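As structure tokens, the structure follows; a few thoughts come after it.
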């Protein structure tokens, strides 16, 4: 009799555990209505005199019209981007695997002609010190 009691209890505990795991799943934010600076669209290549200071994934980046981007040395999977105010760039990176969750990275940028400058903070960007930025040159346009 006790044997039949434990089977439904174990099934019920398994169900609650499964629901708990599914509810922890992180979803990507809805970026379809977010602003995207059309000047970013295209492929960019790193220019500078110290390429050893940047990660391999940062040497070439590409922003696509569908909101995805390629490059950037951030760990994870697929990348999406959006902008705010024509100088604030957000890169959403899907997590890959159990140990790595979704993450959004922030950069600040300016575009001068065919050159893109990325800074890690708004203060550095506003100071206009191009030697403190990661510089890229456009190699393709949309």
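In the working numbering, the protein residues as written are 101 to 242. We put the beta carbon where it would ideally sit given N, CA and C, even for glycine. Remember, it's a predicted structure, so these values are computed and weren't measured experimentally.
Nearest to residue i (by Cα), restricted to the options the options
| i | options | result |
| --- | --- | --- |
| residue 144 | 174, 218 and 193 | 218 |
| residue 177 | 130, 195, 221 and 146 | 195 |
| residue 164 | 222, 130, 220 and 139 | 139 |
| residue 237 | 213, 229, 230 and 221 | 213 |
| residue 220 | 202, 166, 180 and 188 | 188 |
| residue 201 | 179, 184 and 222 | 179 |
Residue i - DSSP class collapsed to helix/strand/coil
| i | result |
| --- | --- |
| residue 184 | strand |
| residue 165 | coil |
| residue 135 | coil |
| residue 222 | helix |
| residue 233 | coil |
Environment of residue i [buried if 16+ CB atoms lie within 10 Å]
| i | result |
| --- | --- |
| residue 216 | buried |
| residue 124 | Model confidence at residue 124 stands at a pLDDT of 48, short of 50, so the residue's coordinates are unreliable; what they give is reported in the following sentence. With fewer than 16 other Cβ atoms within 10 Å, it is exposed. |
| residue 193 | buried |
| residue 227 | exposed |
| residue 171 | buried |
| residue 115 | Reliability fails at residue 115, whose pLDDT of 46 lies under 50, so the model's placement of it is uncertain and the value that follows must be treated cautiously. Residue 115 should be labelled exposed. |
Proximity of residue i and residue j at Cβ, strictly below 7 angstroms
| i | j | result |
| --- | --- | --- |
| residue 208 | residue 191 | no |
| residue 142 | residue 240 | yes |
| residue 134 | residue 182 | yes |
| residue 148 | residue 233 | no |
| residue 186 | residue 130 | no |
| residue 159 | residue 174 | no |
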